[in-house]
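So that you can map any letter, position 145 of the sequence shown is 306 in this note's numbering, and since no number is skipped, the others follow by simple counting. Heads up, the beta-carbon is just placed ideally off N, CA and C, and yes, glycines get one too.
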Amino acid sequence: MVNSTEITLSDNRPCVVRRLGIFELDTIQPPDTRPFVYTEKIGGNEITRPFDVSAWAEPPKPPTPEQMAAVPGTVPYYYYFEWSLYWAATYRAKENREDVKRYCKDVANYILSTCISPEDKERIITADDFRLVWSAALVPQLALEDLALSLEYTFRANFDGEAVLTKILDNAGDEDSGGGYNAIRTWEIQAINNSGFKESEWAELPLDERARRVVALKLDDWLAYLTAEKQRKSKKQGVNIG
């Protein structure tokens, strides 16, 4: 297996592009795309949820001085509270977009600095040139959808009629749920270590084969975990599972 690809740039001359390691870009700070969330008390309970700016056809009207000075929990204060949430969420969304741009720029610079020669870097003139280099350098990342397709069509697996991964991630948490780790990334690292493949060899595998290997390794563990969770919850509810 090789870890480089030859492409042809717009000057009709070849260019050799080094393929990145499958997790090499982990060294670059990923963008923060978390939504703006707020907490409010409803019926004595504190509820935290995202504020959806897209639900507004236009920005809310600025609050009056009386509304800004109103007592929290009153109707006048609510208008000020909603206005402040709208603009806080708008600012957060702008920051997120800027961070995504920063990340893309960092990745682009990293690819141009480490995946092609300095001489070839000078030949990257057009957008198509860069797209060719980008595509040759990047390794597709395994996603939840890839694992779900493998479970459904290759292993035909479900648990109590529901998708296995949905139930697993509902309990364990994925990278966006605050669970503290990227579950899919962890499973793939385990599969690489179990396979005996070098990282560069694993990166050569088609995405669907990578998914199959991860599912084949983890399926028994997932089903055992879901069974144990079902028994634990049933016992807590006073239901006996034979």
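Report task. Output the distance between the C-alpha atoms of L299 and G357, rounded to the nearest integer angstrom. Result -> 22 Å
Report task. Please go through the segment 203–277 and give each complete beta strand (DSSP E) segment of 3 or more residues, from N-terminal end onward. Result -> 206–211
Query - Pair within 7 Å by beta-carbon distance, F264 and P196 - result: The residue you asked about is not Phe; residue 264 is Tyr in the sequence shown. Against a cut-off of 7 Å, the Cβ pair of P196 and Y264 comes out as no contact.
Query - Helix, strand or coil at P191 according to DSSP, with G and I counted as helix - result: coil
Query - Identified DSSP bridge partners for D168 - result: Residue identity check: residue 168 is Ile in the sequence provided, not Asp. Beta-bridge pairing links I168 to C176.
Report task. Using beta-carbon positions only, say whether L384 and P301 come within less than 7 Å of one another. Result -> no
Report task. Return the Cβ separation of V407 and T166 in integer angstroms, given the expectation that the two are a contact with Cβ distance under 8 Å. Result -> The structure shown has nothing for residue 407, since the chain only spans 162 to 403.
Query raised in the report: Run through DSSP, which three-state label would F358 get?
Result: coil
Requested in this report: Mind checking who T200 pairs with in its DSSP beta bridge?
Outcome: T209
Query raised in the report: Looking only at its own chain, which residues have a Cβ that is under 8 Å from the Cβ of D290, when we skip the five neighbours before and after it?
Result: L170, S171 and R284
Query raised in the report: Skipping 5 residues on each side, what residues in its chain have a beta carbon closer than 7 Å to that of F316?
Result: V376 and L380
Query - Three-way DSSP call (helix, strand, coil) for Q302 in this model - result: coil
Query raised in the report: Would DSSP call Q286 helix, strand or coil?
Result: Gln is not the amino acid found at residue 286; the sequence shown has Ile there. In this structure, I286 counts as coil in the three-state DSSP scheme.
**Report entry** Outcome for S215 when other beta-carbon atoms lying within 10 angstroms are tallied against a minimum of 16
**Finding:** exposed
Query raised in the report: Near L326, which residues of its chain fall below 7 Å by C-beta distance, leaving aside the five closest residues on each side in sequence?
Result: L305, L308, A309 and L312
Query raised in the report: If we count Cβ pairs, one from each stretch, closer than 8 Å, do we get three or more for the segment 255–269 versus the segment 221–238?
Result: no
Query raised in the report: Who are the near neighbours of A364 in its chain, counting only those whose CB is closer than 6 Å to its CB and skipping five residues on each side?
Result: I183 and V300
Requested in this report: Could you name the residues of the same chain whose beta carbon sits closer than 8 Å to that of T209, not counting the 5 residues immediately before and after it, in chain order?
Outcome: V198, Y199 and T200
Query raised in the report: Rounded to a whole number of angstroms, what is the C-alpha to C-alpha distance between R371 and Y238?
Result: 54 Å
Query raised in the report: Can you give the beta carbon distance from I329 to L387, rounded, assuming they're within the 8 Å contact cut?
Result: 7 Å
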